[in-house]
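Colleague: Residue 30 in UniProt numbering sits at position 30 of the sequence shown, with consecutive numbering throughout.
Note that the Cβ used here is the ideal one computed from N, Cα and C, for glycine as well.
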Amino acid sequence: MSERQQGVVKFFINEKSYGFITSKAGENLFVHFKEIQESGFTTLKEGMAVTFVARRGQNGMHATDVRIA
Numbered sequence: 001m002s003e004r005q006q007g008v009v010k011f012f013i014n015e016k017s018y019g020f021i022t023s024k025a026g027e028n029l030f031v032h033f034k035e036i037q038e039s040g041f042t043t044l045k046e047g048m049a050v051t052f053v054a055r056r057g058q059n060g061m062h063a064t065d066v067r068i069a
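#1: Candidates Met48, Ile68, Ser39, Thr22: which alpha carbon is nearest His62's?
#2: Measuring CB to CB, does Phe12 end up less than 9 Å from Glu35?
#3: Is Phe33 closer than 9 Å to Tyr18 when the C-beta atoms are compared?
#4: From what residue to what residue does the beta strand (DSSP E) around Ile21 run?
#5: Kindly indicate which residue of Lys16, Arg4, Leu44, Gln37 has the alpha-carbon position closest to the one of Lys10.
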């Protein structure tokens, strides 16, 4: 299992239900709203601090198990 990382929401497109998170290491990771684990949250806002678990997907790195920091 990968360890939790910290990052900041780079952008999130509500209409498409996805966005990108920039990790502390400077890597951009794709995030889908289904990975947001906070109760009542279906979107993220630019600049929001988050924690997540990084996973390699077919098209690059994805942020999973996303939580508001």
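Modeller: So, from the listed chains and residues:
#1: Thr22
#2: no
#3: yes
#4: 18-23
#5: Leu44
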